[in-house]
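Asker: Residue numbering for the sequence shown follows numbering that gives the first Met the number 0, beginning at 0 and increasing consecutively. Even for Gly, the Cβ is constructed at its ideal location relative to N, Cα and C.
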Amino acid sequence: MPNLLLLLVLLAAPLAAPQAVEYRIRRVADQLHHPWGLIELPSGELLVSERRGRLLRLHNDGSRTLIEGLPKMVSAGQGGLLDLALHPNFVENRWLYLSYSQPGKGGAGTAVARAKLHDTHLSNLEVIFVQQPKTTGSAHFGSRLVFDPQGYLFITTGERYHARDKAQQLDNHLGKILRLHDDGTVPADNPFINTPSAKPEIWSYGHRNIQGAAIHPASGVLWTHEHGPRGGDEVNIIKAGANYGWPLVTHGREYSGGVISKHTHLKGMADPIWVWVPSIAPSGMIFYRADLFPQWQGSLLVGALAGQKLVRLTLHGQKIVEEQPLLSDLKVRIRTLVEAQDGGIYLLTDAANGQLLKLVPAAHNQAP
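#1: Tell me the rounded alpha-carbon separation between residue 213 and residue 313.
#2: Going by DSSP, name the residue or residues bridged to residue 323.
#3: I'd like to check one pair, residue 281 with residue 301: are the Cβ atoms closer than 8 Å?
#4: Please determine, among 229, 297 and 241, the residue with the shortest C-alpha to C-alpha distance to residue 266.
#5: Give the single residue among 340, 327 and 297 whose Cα lies nearest to the Cα of residue 319.
#6: Just to confirm my understanding: we take residue 229, look at its own chain, exclude 5 residues before and 5 after, and list those with CB closer than 6 Å. What are they?
#7: Can you tell me whether residue 288 is buried or exposed? The criterion is at least 16 other CB atoms within 10 Å of its CB, across all chains shown.
#8: In whole angstroms, give me the CA-to-CA distance for residue 123 and residue 100.
#9: In terms of DSSP beta bridges, what is residue 120 paired with?
#10: Nearest-angstrom Cα distance between residue 45 and residue 359?
#11: At 3 residues or longer, what runs of the beta strand (DSSP E) sit wholly inside the region 135 to 187?
#12: Would you give the residue range spanned by the alpha helix (DSSP H) that residue 331 belongs to?
#13: Can you find at least 3 beta carbon pairs, one from the region 321 to 333 and one from the region 27 to 34, that sit closer than 8 Å?
#14: Look at the alpha carbon of residue 17 and the alpha carbon of residue 171, and state the distance between them as a whole number of angstroms.
#15: Could you check what DSSP says for residue 92 in three-state terms: helix, strand or coil?
#16: What did DSSP end up calling residue 295 once you bin it into helix, strand or coil?
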């Protein structure tokens with residue numbers, strides 16, 4: 000039986016009087032070394048990526064298996080094995096997608112591969128995207144993988160920190176969101192496919208370091224959040240071909256306190272719908288759709304690393320109207336969120352002895 004940590008909290012229904020709700024955190028697994036990506040398989044088993052370059056299969060009986068057959072990668076700083084995603088037809092084709100920092104001439108960059116998942120190994124590995132150019136340094140790789148309802152794959156990247164001006168240029172993949180077919184080919188209706196010198200994979204640009212992405216359940220549109228520098232974390236609704244401003248527009252400052260830009264808005268650039276000042280260092284993001292927590296249905300849930308909390312954002316149409324901090328008492332860095340098949344919420348904590356936690360109502364007795 001997993002260990003149980005019982006927490007009592009007040010959960011506020013959107014724009015209504017607070018309602019007392021009991022919930023608990025189940026500790027599903029620990030001794031995970033800086034876990035990053037998480038998937039619940041149709042069987043209920045779980046896949047967890049560790050940033051150091053390990054892929055683990057967590058079985059329903061509590062045991063775990065190390066999955067072999069990963070591509071070559073470099074694990075340093077923020078780089079390593081990052082996000083995971085299943086093909087929309089995974090049950091039939093067994094395609095698992097993974098993002099990682101790939102070494103090569105010039106340094107490293109974000110790459111995406113897919114492979115067939117077996118019980119203990121991967122086969123038929125194909126690298127379907129390679130960020131260009133590779134650069135030195137070990138920061139700002141992104142990276143989230145999201146399929147939309149039409150089966151297109153979105154890949155979020157970072158601008159690799161020291162190369163931030165390239166986020167405004169279309170001849171590279173730094174600070175961009177990419178849109179591909181499931182096999183890595185470029186859709187014919189991508190916005191810059193006919194733009195001279197532009198990378199055809201680009202869907203949007205002017206981003207800093209995106210570590211949260213989710214498809215809005217009603218509109219089917221991609222929403223993301225990205226790290227600001229010292230302040231200026233953002234939530235954005237992504238539009239094809241749009242420029243999101245970094246580093247010409249920002250609500251943040253240099254880590255030294257200096258000015259990056261005097262502009263928080265410029266004509267022709269997309270504005271965020273929510274900004275955090277000071278930064279919470281957001282990572283992981285889901286739209287909650289299940290019935291297990293009816294007070295949260297339709298909410299946007301965001302993990303926070305430096306902020307060490309779970310943030311619930313209440314939506315009214317395309318606007319965020321309220322923010323509620325949760326789980327601050329745990330004092331953990333939350334890296335990734337996944338809505339479980341039973342409506343619970345899985346949380347990965349970022350630490351050398353990271354944990355996989357599951358948030359469920361107090362009366363919920365089903366084992367994770």
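Answerer: This is what the structure holds:
#1: 15 Å
#2: 311
#3: yes
#4: 241
#5: 297
#6: 251, 252 and 254
#7: exposed
#8: 20 Å
#9: 67
#10: 17 Å
#11: 144 to 146, 152 to 155 and 175 to 179
#12: Looking at the DSSP string, residue 331 is not in any alpha helix (DSSP H), and its letter there is neither H nor E.
#13: no
#14: In this predicted model, residue 17 has a pLDDT of only 37, less than 50, meaning its place in the structure is not dependable enough to derive any value.
#15: helix
#16: helix
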